[in-house]
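A.B. asks: The structure is given below, and queries will be raised subsequently.
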């Protein structure tokens, strides 16, 4: 055979191989370009709804197509079937950094029975959960609005906390991609720059040991700062906030015996921008931190949403254990329905997540990327006319992914390790599809109920 023909075949084969090897990259780049054009053309509002203390297995065990289980293992190898645990259960589960280490157990996820449940006085654990209180599943009758949202839009089953512990750091990650190495919760109230004199919060070292406590007031950049720098708008809706001096006078008078029901509004405990000095003591606190949180419903009705919005619930509507309430799904649904029925629907992306697992069992070992994460898996529901329909995302996401999506949408740089390494939720969207018309989600309570509801005067989370 002619040697030139052989050389031509070899060259042609090499070219075909090169094209085949390059094809995945070309397809991925094309998909990224479609996503980029779609986001920039259609998304004007990013809404982050933050609920409290639930794992993916706890809320979505049995969801079609999602990686969930109906049983787990205790630290001694005992197989434990997950038992019904309604939102109204009268106990809470310990959820600090040490509890994470026990539950994670080097990736075996079998130490959940080592987490204490309480409080010591006033808690009541049903007999079926008495030995293994963390191994619970919220009944479908109560989670139906969440399942309906996830069925119609996107449920992510590889969404992880960016931190390993509790809500103070988790909420900071949701506004800044970091928590200044803080962990667990501050020693006094309120949490943040208004903290009573001497209040500190523990820190984690690079070796995941407890470091030197620091004041719970930081100066790292936030997404709100980045939006301000570009003349973009943001709001952080949270329960009502009393003035710092009111707080301090109350704490001086009552100390550890302070009663939230009789004291000042305790929302300030849980407005995360209060823990960032330049925002707490600057214009953003007066302009963009908005209370009560129910004002978001009136603002939506007026067609008035910021470019980026965070919404933190009242204690009763938070899904938090020991709040003796099952109204969380109705609260979230009221917000989604309000946006869906408004002119804002076609320009909005709603990201619904839970700030930590609350100590509830989850079987998926989180990847360990740095000293502070990743933490336990939590649900993420993506709602938008451009969200993929009936899709379960198996792509790894974290809190930084929500920030990364907002940064990608509005052309902002990353702020910290979490939003630098995270994905931008690209797999959750299909901008080539016709925008989905909104279909209201049924729930026991509607927006009018929450608009008229008296605040509980208890922080959405205290752990």
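Numbering (the working numbering), first residue to last: 973 to 1435.
Heads up, the beta-carbon is just placed ideally off N, CA and C, and yes, glycines get one too.
Measure the beta-carbon distance from residue 1087 to residue 1291 and round it to whole angstroms, keeping in mind my assumption that it falls under 8 Å.
C.D. replies: In the chain shown, counting from the first residue as 1, residue 1087 sits at position 115. In the chain shown, counting from the first residue as 1, residue 1291 sits at position 319. Contact doesn't hold; Cβ gap of about 18 Å is too wide.
A.B. asks: So what's residue 1262 in DSSP terms, helix, strand or just coil?
C.D. replies: For this step, residue 1262 is matched to residue 290 along the chain shown. Residue 1262: strand per DSSP, three-state reduction.
A.B. asks: Answer yes if the stretch 1352-1366 comes into contact with the stretch 1395-1402, meaning at least three C-beta pairs across the two stretches below 8 Å, and no otherwise.
C.D. replies: yes
A.B. asks: CA-CA distance, residue 1374 and residue 1129?
C.D. replies: Translated into positions along the chain shown, residue 1374 becomes position 402. Translated into positions along the chain shown, residue 1129 becomes position 157. Taking the straight line joining both Cα atoms gives about 15 Å.
A.B. asks: Measure the C-alpha to C-alpha separation of residue 1066 and residue 1136 and round it to an integer number of angstroms.
C.D. replies: On the chain shown, residue 1066 is found 94 positions in, with the first residue counted as 1. On the chain shown, residue 1136 is found 164 positions in, with the first residue counted as 1. Roughly 13 Å between the two C-alpha positions.
A.B. asks: Let me check understanding here. Comparing Cα to Cα, which of 1405, 1176, 1411 lies closest to residue 1006?
C.D. replies: Against the chain shown, residue 1006 aligns to sequence position 34. Of the candidates 1405, 1176, 1411, the one whose C-alpha sits nearest the C-alpha of residue 1006 is 1405.
A.B. asks: Just reading off the beta strand (DSSP E) that residue 1388 is part of, what are its end residues?
C.D. replies: Residue numbering aside, residue 1388 sits at position 416 when the chain shown is read from its first letter. No beta strand (DSSP E) holds residue 1388; DSSP gives it neither H nor E.
A.B. asks: Cβ of residue 1332 within 7 Å of Cβ of residue 1023?
C.D. replies: If you number the chain shown from 1, residue 1332 lands on position 360. If you number the chain shown from 1, residue 1023 lands on position 51. Their beta carbons are not under 7 Å apart, which means residue 1332 does not touch residue 1023 by this criterion.
A.B. asks: Between residue 1426 and residue 1119, what straight-line distance do the alpha-carbon atoms span, to the nearest angstrom?
C.D. replies: Against the chain shown, residue 1426 aligns to sequence position 454. Against the chain shown, residue 1119 aligns to sequence position 147. Straight-line Cα distance between these residues: approximately 28 Å.
A.B. asks: Relative to the C-alpha of residue 1040, which residue among 1072, 1048, 1054, 1093 is closest?
C.D. replies: Counted from its first residue, the chain shown places residue 1040 at position 68. Checked all of 1072, 1048, 1054, 1093; the closest Cα to residue 1040 is 1054.
A.B. asks: Output the distance between the C-alpha atoms of residue 1289 and residue 1001, rounded to the nearest integer angstrom.
C.D. replies: As a position in the chain shown, residue 1289 is number 317, starting the count at 1. As a position in the chain shown, residue 1001 is number 29, starting the count at 1. In a straight line, the C-alpha of residue 1289 is about 42 Å away from that of residue 1001.
A.B. asks: Quick check on this structure: which residue in 1306, 1060, 1387 has the alpha carbon closest to the alpha carbon of residue 1113?
C.D. replies: Position 141 of the chain shown, counted from the start, is the residue given in the question as residue 1113. Among 1306, 1060, 1387, the Cα nearest to that of residue 1113 is on 1060.
A.B. asks: Reducing DSSP to helix, strand and coil, say where residue 1322 ends up.
C.D. replies: As a working mapping, residue 1322 is identified with position 350 in the chain shown. Three-state result, residue 1322: strand.
A.B. asks: According to DSSP, simplified to helix, strand and coil, what is residue 1421?
C.D. replies: Walking along the chain shown from the start, residue 1421 turns up at place 449. Helix at residue 1421.
A.B. asks: Could you tell me whether the stretch 1150-1169 touches the stretch 1178-1197, using the rule of 3 or more Cβ pairs below 8 Å?
C.D. replies: yes
A.B. asks: Jot down the residue ranges of each uninterrupted alpha helix (DSSP H) in the stretch 1007-1057, minimum 4 residues, whole runs only, in chain order.
C.D. replies: Unbroken alpha helix (DSSP H) runs of no fewer than 4 residues, entirely contained in the stretch 1007-1057, are found at 1028-1032, following chain order.
A.B. asks: For residue 1244, which residues of its own chain have a beta-carbon under 6 Å away from its beta-carbon, when the five flanking residues on both sides are left out?
C.D. replies: As a position in the chain shown, residue 1244 is number 272, starting the count at 1. Shown here for residue 1244: same chain residues with a beta carbon closer than 6 Å to its own, the five before and five after excluded, namely 1143, 1144, 1147 in chain order.
A.B. asks: Could you check whether residue 1343 and residue 1176 sit closer than 7 Å to each other, using their CB atoms as the reference points?
C.D. replies: The sequence position of residue 1176 within the chain shown is 204, counting from 1. The sequence position of residue 1343 within the chain shown is 371, counting from 1. The criterion of a C-beta distance shorter than 7 Å is satisfied by residue 1176 and residue 1343.
A.B. asks: Please report the Cβ distance between residue 1390 and residue 1377, rounded to the nearest whole angstrom; I am assuming they are in contact, meaning their Cβ atoms lie under 8 Å.
C.D. replies: Here the question's residue 1390 lines up with position 418 in the chain shown. Here the question's residue 1377 lines up with position 405 in the chain shown. Actually they are not in contact, since the Cβ atoms of residue 1390 and residue 1377 sit about 13 Å apart, beyond 8 Å.
A.B. asks: So residue 1190 and residue 1127 are in contact, right, with Cβ under 8 Å, and what is the actual spacing, rounded?
C.D. replies: By 1-based counting over the chain shown, the position of residue 1190 is 218. By 1-based counting over the chain shown, the position of residue 1127 is 155. No, residue 1190 and residue 1127 are not in contact; Cβ-Cβ is about 33 Å, not under 8 Å.
A.B. asks: Rounded to a whole number of angstroms, what is the C-alpha to C-alpha distance between residue 1115 and residue 1359?
C.D. replies: Within the chain shown, residue 1115 is the residue found at index 143, counting from 1. Within the chain shown, residue 1359 is the residue found at index 387, counting from 1. Take the alpha-carbon of residue 1115 and the one of residue 1359: they are about 21 Å apart.
A.B. asks: Below 6 Å CB to CB, which residues in the same chain sit around residue 1248 once its five sequence neighbours on both sides are set aside?
C.D. replies: Counted from its first residue, the chain shown places residue 1248 at position 276. Around residue 1248: 1190, 1194.
A.B. asks: Going by DSSP, what residue range makes up the alpha helix (DSSP H) through residue 1352?
C.D. replies: Indexing the chain shown from 1 puts residue 1352 at position 380. No alpha helix (DSSP H) contains residue 1352, which is instead part of the beta strand (DSSP E) from 1352-1355.
A.B. asks: For the alpha helix (DSSP H) holding residue 1209, just list the boundary residues, first then last.
C.D. replies: Stepping through the chain shown from its first residue, residue 1209 is reached at position 237. Element bounds for residue 1209: not the alpha helix (DSSP H) but the beta strand (DSSP E), 1206-1209.
A.B. asks: Mind pulling the beta strand (DSSP E) runs of 3 or more residues that sit fully within the stretch 1261-1291?
C.D. replies: 1280-1283
A.B. asks: Taking C-alpha atoms, which residue in 1108, 1419, 1049 lies nearest to residue 1301?
C.D. replies: Within the chain shown, residue 1301 is the residue found at index 329, counting from 1. Of the listed residues, the one whose Cα sits closest to residue 1301 is 1419.
A.B. asks: Within this structure, are the beta carbons of residue 1314 and residue 1272 separated by less than 7 Å?
C.D. replies: Within the chain shown, residue 1314 is the residue found at index 342, counting from 1. Within the chain shown, residue 1272 is the residue found at index 300, counting from 1. Cβ atoms of residue 1314 and residue 1272: closer than 7 Å.
A.B. asks: Within 10 angstroms of the Cβ of residue 1369, are there 16 or more other Cβ atoms? Answer buried if so, exposed if not.
C.D. replies: For the purposes of this step, residue 1369 is taken as residue 397 along the chain shown, with counting starting at 1. Residue 1369 comes out buried.
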